[in-house]
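Counting in our numbering, the final residue of the sequence shown is number 110, and the numbers go up one at a time with none missing. Idealized CB from N, CA, C, for every residue including glycine.
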Amino acid sequence: MLEVKFNALRNQSTRLKLKLQACILDFLSFLVNEVEFSGSRKLGCSMWGYLPERIMAGKS
């Protein structure tokens, strides 16, 4: 009986950990997108793969 409760608790904590990880990943990708967008606007920064875009824009 005790073992069943322990397993249920362990499953629950695993589920919570997965939810937490998903939240953290969402937050990190949000941050990266923000930095990528505002960084490229402020610096015309090529680090994030905007260089080809800027070269094409310069040619036209």
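Taking 8 Å as the limit between beta carbons, can you name the residues of its chain near residue i, skipping five residues before and five after?
i	result
residue 59	none
Taking the alpha-carbon positions, what's the residue i to residue j distance?
i	j	result
residue 55	residue 61	10 Å
residue 66	residue 79	20 Å
residue 72	residue 83	16 Å
residue 74	residue 68	10 Å
residue 52	residue 77	37 Å
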